[in-house]
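The structure under discussion appears below in the form of structure tokens.
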Amino acid sequence: MLKLSVLATAVLSVSIGLSAALPAQAEEPKFITIGTGGVTGVYYPTGGAICRLVNKGRKDHGVRCSVESTGGSVYNTRTIRGGELDFGVVQSDVQSAAIDATRAFKDDEPYADLRAVFSVHSEPLHVMVRADAGINSVADMKGKRVNIGNPGSGQRVLADVLLDAAGITSDDLSLAAELKSSEQAAALCDGKIEAAIWAAGLPNGSTMEATSTCAVKILDLTTSGTDKVLKANPAYAAATIPGGLYSGNDDDIASWGPKATFVTDANTSDEVVYVLVKSIFDNFAAFKKLHPAFKSLKEENMIKDGLSAPLHPGAIKYYKERGWL
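Residues 1470 to 1794 (this note's numbering) are what the sequence shown spells out, left to right.
Written out as structure tokens, the structure is:
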């Protein structure tokens, strides 16, 4: 017994010595996933930019971030609610509709636990039409082949609003295509569709692909019910697509659209949300360089513009520390 006791004591002493000599072990890493959109839009690189800055400091805070390409805003919102995604990039109007259980969420219960983290860039509508399609206003789409976006996307929500303002519905189209954003440029240039209704930050890959591959013009929406849309939808704002941004479109183009917002669920850890927000705003100059759509972002606008859902407590903690709230 004495020999065993001495051995146990020796082992315990060595163990204590090693514990003192070695650095404290970090907590188990926390894995978070961000739902975005198609790879040719701006949501996917937005999620990538956020993850890049979060992962840069993962040795210090233990949070690891990954991005998932998804069907878009409606899908992201529902999947966050179901606990399959932690965060998502969501159009401001979709955020509002989820809270109120309207539009795409009319058959759902109001999403009372949806929480805002911050808003990102504006998303003007890019109504892309083939130059030979004879479409000069949204009303001219009647009898045409038009991509209105895949079910579960914010693109689809905007298409419905746009068509309604022009006095038509998807039933008036000869083809209401449900292509993903990554598929629409090729379909336009191949003649499979004559127009595509699409909203994204400036500039975006889908529009650049279409306008640089074939003769595609972006429709000015001045005569397509813009005033009616803005009066009825406070989640949208007038916007301008600068002339020369896209090949073959040299003049400024009047448009409107939502803002991209970043959301999560009320049950997401305050610590994780705090780490994510701190990773972005402590490195804000670097974040703005990660995509052209971020160039004009301002911190004071990002914590209020386009946010219908309450701010998450983890975000509030950081914003108060910075004196922004």
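Glycine included, C-beta positions come from ideal geometry on N, C-alpha and C.
Since this is a predicted model, take the numbers as computed values, not measurements.
What distance in whole Å lies between the Cβ atoms of residue j and residue i, which are believed to be in contact at a cut-off of 8 Å?
i, j, result
"residue 1574", "residue 1567", "5 Å"
"residue 1724", "residue 1710", "6 Å"
"residue 1728", "residue 1588", "5 Å"
"residue 1541", "residue 1623", "5 Å"
Just list the residues that DSSP pairs residue i with in beta bridges.
i, result
"residue 1560", "1729"
"residue 1793", "DSSP lists no partner for residue 1793."
"residue 1780", "1585"
"residue 1500", "1533"
"residue 1666", "1596"
Between the C-alpha atoms of residue i and residue j, what's the straight-line distance to the nearest angstrom?
i, j, result
"residue 1497", "residue 1558", "26 Å"
"residue 1774", "residue 1792", "17 Å"
"residue 1410", "residue 1701", "With the chain represented from 1470 up to 1794, any question about residue 1410 goes unanswered, as that position is not in the structure."
"residue 1663", "residue 1607", "12 Å"
"residue 1601", "residue 1750", "46 Å"
"residue 1635", "residue 1525", "47 Å"
"residue 1529", "residue 1522", "12 Å"
"residue 1802", "residue 1506", "What is shown of the chain runs 1470 to 1794, which leaves residue 1802 out entirely."
"residue 1688", "residue 1594", "9 Å"
"residue 1790", "residue 1598", "48 Å"
"residue 1764", "residue 1590", "9 Å"
"residue 1726", "residue 1659", "27 Å"
"residue 1759", "residue 1544", "25 Å"
"residue 1714", "residue 1549", "34 Å"
"residue 1665", "residue 1627", "11 Å"
"residue 1721", "residue 1690", "11 Å"
"residue 1629", "residue 1609", "15 Å"
"residue 1777", "residue 1717", "37 Å"
"residue 1625", "residue 1520", "27 Å"
"residue 1676", "residue 1657", "11 Å"
Mark residue i as exposed unless 16 or more other C-beta atoms lie within 10 angstroms of its C-beta, in which case mark it buried.
i, result
"residue 1571", "exposed"
"residue 1640", "exposed"
"residue 1492", "Annotation note: pLDDT 39 at residue 1492 (below 50); position unreliable, no value reported."
"residue 1551", "exposed"
"residue 1555", "buried"
"residue 1794", "exposed"
"residue 1747", "buried"
"residue 1770", "exposed"
"residue 1592", "buried"
"residue 1652", "buried"
If you measure from the CB of residue i, is any heavy atom of the ligand MG nearer than 7 Å?
i, result
"residue 1585", "This structure lacks the ligand MG; in fact it carries no ligand of any kind."
Secondary structure, alpha helix (DSSP H): runs of 4+ residues fully inside the segment 1527-1600: 1527-1530, 1542-1550 and 1561-1569
Ordered list of alpha helix (DSSP H) runs contained in the segment 1610-1652, each at least 4 residues: 1623-1634
Every unbroken alpha helix (DSSP H) inside the segment 1682-1753 [4 residues or more]: 1695-1701 and 1739-1750
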